[in-house]
Amino acid sequence: MSMVSNQDSTLNSEDTALYQMNLLARSALDLTLHGLENRSLNHDRGSCTLETLRVRRDWRALTERERRAYIDSILCLQQLPPQTPDALAAGAKTRYDDFLATHINQTWHIHRTGTFLAWHRYFIYTFEEALRNECGYSGDLPYWNWGSDIDSMEQSPLFDGSDTSISGNGAFIPNQPDLRIPLGHTDIPPLILPTGTGGGCVTSGPLTNYTVNMGPSFLYMPGGNVSRMSNPLDYNPRCLKRDLTNSILRSNNNHSTVLNLIQNSPDIWSFETNTQGAPGSGLLGIHGGGHLAMGGDPGRDADANPGDPGFWNHHSMIDRIWWMWQYEDLEEREFAVSGTGTFLNEPVSANTTLDTHVNVGFVKRGSIAMRDLMSTTAGPFCYVYL
1 MSMVSNQDST LNSEDTALYQ MNLLARSALD LTLHGLENRS LNHDRGSCTL
51 ETLRVRRDWR ALTERERRAY IDSILCLQQL PPQTPDALAA GAKTRYDDFL
101 ATHINQTWHI HRTGTFLAWH RYFIYTFEEA LRNECGYSGD LPYWNWGSDI
151 DSMEQSPLFD GSDTSISGNG AFIPNQPDLR IPLGHTDIPP LILPTGTGGG
201 CVTSGPLTNY TVNMGPSFLY MPGGNVSRMS NPLDYNPRCL KRDLTNSILR
251 SNNNHSTVLN LIQNSPDIWS FETNTQGAPG SGLLGIHGGG HLAMGGDPGR
301 DADANPGDPG FWNHHSMIDR IWWMWQYEDL EEREFAVSGT GTFLNEPVSA
351 NTTLDTHVNV GFVKRGSIAM RDLMSTTAGP FCYVYL
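Residue numbers (UniProt numbering): 1 to 386.
Structure representation (C-alpha cells):
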C-alpha cells in the first residue's frame with residue numbers, strides 16, 4: 001500500500017488552500033466591481049469609479065520594469081527632505097522618515113486597538129500616494145503573498161537580493177540564541193522563536209546603502225533582551241539588518257492559516273485578534289509573523305518596523321486579507337469596528353467607533369473619521385486587489 005508523506009500532504013493542503021484563497025479574492029473583486037457598476041447606473045458616481053479604480057497586485061505579478069519603478073520611487077522618497085519638525089523627531093532626515101516617525105509616535109494607539117486595521121489601511125495608502133505624487137511612481141502598492149515564500153524567503157523575488165528586489169538577507173551571524181517575545185501581560189509566558197539565516201546588514205540589492213535613521217524603540221533581540229533608545233525619535237543612523245526566518249513565516253503565514261483566518265473569524269473582534277495573535281495562544285498571527293520573519297533591525301521592532309521597506313508589502317497583504325474577509329459578508333462587516341484606543345486597553349480608554357478620528361502626523365496633515373476608511377472604494381480610496 002502506498003503512503004503519502006507528511007511533506008506531500010502539506011504541499012497538497014497548501015495548494016488547496018491557495019486555490020480557495022484565489023476563489024475568495026475573485027469573489028471579493030467581482031463584488032467590488034459590481035458595486036461600482038451599480039453606483040454608476042444609479043448616477044451615484046462619487047470619486048471612485050470603474051474608470052479610476054486602481055489595482056494592487058502580488059509582487060510576483062509585476063514585471064521587472066514595474067518592480068524597478070517601485071524600488072526607485074522608494075529610493076527617491078529616501079532622498080527628499082522631511083516634513084516632520086526637528087523638535088518632534090530630530091532623527092527624521094528624509095521624507096521616508098516622516099512615515100517612520102509617525103508609526104513610532106503612535107504605536108501604542110494603532111496596535112491591538114480598534115483602529116489597527118483602518119489606521120494601517122490609511123497609512124499605507126498615504127505612502128502609496130507619496131510615491132506617486134512626490135516621486136513620479138505610476139504603479140500601485142504591491143503586496144507580499146507570504147504563503148508563496150514559506151519554504152525559502154531568500155529565493156522570494158521580493159527578498160532574493162537582486163536589483164528587482166527590496167534587497168535580501170542580512171550577513172549571517174552564527175550561533176544566535178532564540179528570541180523571547182513578550183505578549184503584553186506578565187502572567188502570559190513569552191513566545192520562544194528561532195532566529196534566521198542572517199542577522200547582519202543586508203549585503204545585496206538596492207537597499208545596501210540605505211540608512212535607518214531612528215529607533216530602536218522596542219527591538220526584540222536574540223537572547224531575550226529588548227533594545228530601545230531613551231528617545232527613539234532621535235537620530236541614530238545605521239544599516240538595514242535582516243534575519244529572514246522561514247520557520248516563523250511557515251508557522252504563521254501559510255496559505256492554510258490565512259484561509260482559516262478568513263473563514264473562521266465570525267466578527268471583527270475575532271478577526272483583528274487572530275490577525276495580531278491572541279495573547280496566550282502561542283501564535284503571532286499573520287501580522288507579527290510577517291514582521292518577525294523579516295527579522296533584523298528594524299524588522300523586529302514593534303514600533304520602528306516601517307524602517308524596513310518590506311513593511312509596506314506586508315501590510316498591503318494584511319489589508320488584502322481584511323478586504324477579502326469584509327466581502328464574505330459585506331452587509332455585516334464593511335463598517336464593523338471593535339476595540340478601544342489603547343494597546344490591549346491599557347490604560348483604559350474609550351471604545352473606538354465609526355466617528356473616531358485618526359491621523360498620520362506629518363505624513364499627511366489633518367484627521368479622518370474611521371467610517372471613511374472602511375471601504376477600499378470609498379472615502380479617499382479607490383483600489384482593489386488581484
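Virtual Cβ for every residue (Gly too), placed ideally from N, Cα, C.
This one's a predicted model, so the numbers in the text were calculated from it and none came from an experiment.
Evaluate residue i with the Cβ neighbour count: other Cβ atoms within 10 Å of its Cβ, from every protein chain shown; 16 or more gives buried, anything less gives exposed.
i, result
"I188", "exposed"
"V55", "exposed"
"T84", "buried"
"T257", "buried"
"R26", "exposed"
"I192", "exposed"
"Q7", "Unreliable placement is indicated for Q7, whose pLDDT of 49 sits below 50; the coordinate value is still reported in the next sentence. Label assigned to Q7: exposed."
"M374", "buried"
"S230", "exposed"
"E37", "exposed"
"S167", "buried"
"S156", "buried"
"S2", "The predicted model places S2 with a pLDDT of 40, which falls under 50 and marks its position as unreliable; any figure quoted below should be read in that light. Classification for S2: exposed."
"F99", "buried"
"E332", "exposed"
"H34", "exposed"
"L131", "buried"
"Q78", "buried"
Given a cut-off of 8 Å, decide if residue j and residue i are closer than it, judged by their beta-carbon atoms.
i, j, result
"P298", "G223", "no"
"S316", "Y210", "no"
"I104", "P232", "yes"
"G198", "N169", "yes"
"T112", "L344", "One detail in the question is off: residue 112 reads as Arg in this sequence, not Thr. Going by C-beta atoms, R112 is nearer than 8 Å to L344."
"S217", "D97", "no"
"N175", "R60", "no"
"I268", "A171", "no"
"T208", "E64", "no"
"W312", "F127", "yes"
"Y220", "G139", "no"
"I110", "R250", "no"
"L244", "G295", "yes"
"Y125", "V358", "no"
Can you name the residues that DSSP bridges to residue i?
i, result
"I192", "R180"
"G199", "F172"
"L219", "S227 and D301"
"K241", "C201 and P298"
"N351", "T340"
"D140", "The partner list for D140 (beta bridge, DSSP) is empty, contrary to what the question assumes."
"T211", "C239"
Could you check where the beta strand (DSSP E) with residue i kicks off and where it finishes?
i, result
"H357", "H357 to N359"
"R57", "That residue, R57, is in no beta strand (DSSP E); it is neither H nor E in DSSP."
"Y385", "Y383 to Y385"
Taking residue i as the reference, give the member of the options with the closest Cα.
i, options, result
"T273", "D151, T115 and E332", "T115"
"A369", "W119, G296 and G35", "W119"
"G310", "A101, A293, T32 and T49", "A293"
"I318", "S156, Y235, H291 and L330", "H291"
"G289", "R320, N253 and S270", "N253"
"N22", "Q176, Y70, G147 and T377", "G147"
"E334", "C239, T376, G307 and P347", "T376"
"L53", "S73, L29, F159 and H255", "L29"
"L117", "T340, P347, G366 and K364", "T340"
"N264", "W325, G295 and N305", "W325"
"S227", "P194, L179 and I262", "L179"
Please report the residue range of the alpha helix (DSSP H) in which residue i lies.
i, result
"V258", "H255 to Q263"
"A69", "E64 to L77"
"S316", "G310 to Q326"
"R365", "Note, R365: premise wrong, no alpha helix (DSSP H); not H, not E."
"A130", "F116 to C135"
"A101", "R95 to Q106"
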